[in-house]
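Here is the structure we will look at, set down as structure tokens.
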Amino acid sequence: MKIYFAGSIRAGRDDVEYYNQIIAVLKEYGEVLTEHVGDYSLSLAGQSQFTDKYIHDRDLDWLLSSDVVVAEVTYPSLGVGYEIGIAVKEKVPVVALFRENNKKQLSAMISGCDSINVIKYSDIDALLPKLHDIVRSVL
Numbered sequence: 050m051k052i053y054f055a056g057s058i059r060a061g062r063d064d065v066e067y068y069n070q071i072i073a074v075l076k077e078y079g080e081v082l083t084e085h086v087g088d089y090s091l092s093l094a095g096q097s098q099f100t101d102k103y104i105h106d107r108d109l110d111w112l113l114s115s116d117v118v119v120a121e122v123t124y125p126s127l128g129v130g131y132e133i134g135i136a137v138k139e140k141v142p143v144v145a146l147f148r149e150n151n152k153k154q155l156s157a158m159i160s161g162c163d164s165i166n167v168i169k170y171s172d173i174d175a176l177l178p179k180l181h182d183i184v185r186s187v188l
């Protein structure tokens, strides 16, 4: 199974620890095409060795070849929203992960979309069993 993981890069790296743990679980079920999102050394500049056009085209190819998109949406990101929108349009299953015990609200465009399976969680320990269940259900 090919898994596209989406998480904020240029909009902020505050949740990189969560991304890393989520990616570790996803790797148990298949190839995570975007494993770099959980890389601690990745800065706000992202993969600055590549042009924005290259990143866009590469990531879009990955997204369209994936079996499922898993997006951590607690930390808002224009790029992640864009990726989710394309996945929904192209009928790639989307799972959105949202941590409830923060001061942010989940976008109505995500929570109101019937094509997106939203998993709300309080902390990483609460998320991991839910994540296993949902990824198995997509297989």
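Per my numbering, residue 50 is the first one in the sequence shown, and the count goes up by one each step.
Cβ atoms here follow ideal geometry from the backbone N, Cα and C, with glycine treated the same way.
Remember, predicted model here, so these are calculated numbers, not experimental data.
In or out: residue i buried (at least 16 other Cβ within 10 Å) or exposed?
i, result
"PHE99", "exposed"
"GLY161", "exposed"
"TYR170", "buried"
"ASP64", "buried"
"SER114", "exposed"
"TYR53", "buried"
"ALA136", "buried"
"TYR124", "buried"
"GLU132", "buried"
"GLU80", "exposed"
"GLU121", "buried"
Nearest to residue i by alpha carbon, out of the options?
i, options, result
"SER186", "GLU80, VAL143, LEU112, PHE147", "VAL143"
"SER126", "LYS51, MET50, GLY56, ILE52", "GLY56"
"VAL119", "VAL141, TYR103, ASP174", "VAL141"
"LEU202", "GLU80, ILE71, ILE58", "The structure shown does not extend to residue 202, since the chain is modelled only from 50 to 188, so the question has no answer here."
"LEU15", "GLY134, VAL122, THR123, GLU121", "This structure cannot settle anything about residue 15, because the visible part of the chain is limited to 50 through 188."
"SER164", "GLN154, VAL117, LEU75", "VAL117"
"ALA175", "TYR67, ASP101, GLU139, ILE58", "TYR67"
"ASP88", "ILE58, TYR103, VAL74, LEU112", "ILE58"
Under the three-state reduction of DSSP, which class applies to residue i: helix, strand or coil?
i, result
"ILE168", "strand"
"TYR78", "coil"
"VAL65", "helix"
"TYR124", "coil"
"ILE173", "helix"
"VAL141", "coil"
Would you mind reading off the limits of the alpha helix (DSSP H) that contains residue i?
i, result
"TYR131", "127-138"
"ILE104", "101-114"
"ILE159", "157-160"
Identify the continuous beta strand (DSSP E) that holds residue i and give its terminal residues.
i, result
"LYS51", "51-55"
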